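Asker: Numbering (our numbering), first residue to last: 2 to 167.
(1) Would you call the CB atoms of residue 124 and residue 82 closer than 8 Å?
(2) Using a threshold of 8 Å, state whether the C-beta atoms of residue 121 and residue 73 are closer than that.
(3) Can you have a look at residue 11 and say buried or exposed, based on whether 16 or more other CB atoms are within 10 angstroms of its CB?
(4) Cα separation between residue 47 and residue 14?
(5) Please confirm if the segment 141-151 is in contact with the segment 105-116, defined as three or more CB-CB distances below 8 Å between the two stretches.
(6) Are there 16 or more other CB atoms within 10 angstroms of the CB of residue 90, so buried, or fewer, so exposed?
(7) Please check the pair residue 5 and residue 50, which I expect to be a contact at CB under 8 Å, by giving their CB distance rounded to whole angstroms.
(8) Taking the alpha-carbon positions, what's the residue 107 to residue 3 distance?
(9) What are the boundary residues of the alpha helix (DSSP H) that residue 81 is part of?
(10) Run the CB neighbour count on residue 75, radius 10 Å, all protein chains shown included, and call it buried at 16 or more, exposed below.
(11) Where residue 26 and residue 36 are concerned, what is the direct C-alpha to C-alpha distance, given to the nearest angstrom?
(12) How many whole angstroms separate the CB atoms of residue 77 and residue 45, which I take to be in contact at a CB cut-off of 8 Å?
(13) Can you tell which of 30, 28, 23, 19 has the C-alpha that lies nearest to the C-alpha of residue 53?
(14) Do you know offhand how far residue 157's Cα is from residue 31's?
(15) Out of 149, 79, 38, 116, state which residue places its alpha-carbon closest to the alpha-carbon of residue 7.
(16) Given a threshold of 16 other Cβ atoms within 10 Å of its Cβ, counted over all protein chains shown, does residue 40 qualify as buried or as exposed?
(17) What first and last residue would you give for the alpha helix (DSSP H) that runs through residue 13?
(18) What number of angstroms, rounded off, separates the C-alpha of residue 69 from the C-alpha of residue 33?
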């Protein structure tokens, strides 16, 4: 539900300082003095297409989580988005409020993966990777598998960021 709220907030203008609609208190400050949060929100709000992409992606991912047959696909859609929020907020702009929520949601998505390990293996088998993955019942190996999967998605995401530009 909260992920849906964040997606809708982006689409209806509740998140980010939109291009051409900066708050006066931000627009009148020299760029070097703008705080991390306002700088991040101004940057993210610069491109309406980006806002639409992230907002719609969050709505699609959250909607997929609602149904048993599609919940893992929802996790696959949302993990790269949440990793981006965590890295962006924590490492680059020190905006810890959004990061705390993103970490919580990310951990819940990882829990969904762990609890659905057998279904996840079947999905991976459908795309031809089943023979290369051997996952035993030990929880440490399961966590390692989930971390590897997340890193794979993050790597693919970063590949597209590098190919398409920052």
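The beta-carbon is built from N, C-alpha and C at its ideal position, and this holds for glycine as well.
Quick caveat, the model's predicted, so the values are computed rather than measured.
Answerer: The short version:
(1) For residue 124 and residue 82, no; Cβs fall outside 8 Å.
(2) Contact flag set, yes.
(3) Classification of residue 11: buried, given that the 10 Å Cβ count is 16 or more.
(4) Spanning the two alpha carbons is a distance of roughly 12 Å.
(5) Short answer: they touch.
(6) Buried: at least 16 other Cβ atoms inside 10 Å.
(7) Here residue 5 is actually not in contact with residue 50; their C-beta atoms are around 21 Å apart, not less than 8 Å.
(8) Computed Cα separation, rounded: 13 Å.
(9) Taken as a continuous stretch (DSSP letters only), the alpha helix (DSSP H) holding residue 81 covers 72-87.
(10) By the 10 Å Cβ count, residue 75 comes out buried.
(11) Between residue 26 and residue 36, the C-alpha separation is close to 11 Å.
(12) About 23 Å separates the beta carbon of residue 77 from that of residue 45, a gap too long to meet the 8 Å contact definition.
(13) Residue 53 has its Cα closest to that of 19, out of 30, 28, 23, 19.
(14) So the alpha carbons of these two residues sit roughly 36 Å apart.
(15) The shortest C-alpha to C-alpha distance from residue 7 to any of 149, 79, 38, 116 is the one to 79.
(16) Residue 40 should be labelled buried.
(17) Element bounds for residue 13: n/a, residue is neither H nor E.
(18) Distance between the alpha carbons of residue 69 and residue 33 is about 48 Å.
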